[in-house]
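Numbering (the working numbering), first residue to last: 937 to 1003. Yeah, the Cβ is synthetic: ideal placement off N, Cα and C, and Gly gets one too.
As structure tokens, this is what we get:
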């Protein structure tokens, strides 16, 4: 199998996946099905209010490199 050097330039995005109800979304101003870029302060607030979550690497550059 050949080796390749690959450079991907993009934003290092982390997907957070958690179960919640519509009330949680409304209370926190989150639009269902939408993508939200948030800062550290907002992330800490949401983490403190929500239940367990899964973190997964995301972003178009990372996803493309992963295949």
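- Approximately 7 Å separates the beta-carbon atoms of residue 998 and residue 946; this is inside 8 Å, confirming the contact.
- Within the same chain, 954, 955, 956 come within 8 Å of residue 987 by CB-CB distance, once the 5 residues on both sides are set aside.
- The three-state secondary structure of residue 969, taken from DSSP, is coil.
- For residue 971, the closest C-alpha among the options 983, 964, 1000, 951 is that of 951.
- Pairing residue 964 with residue 977 gives a Cβ-Cβ distance that is not under 8 Å.
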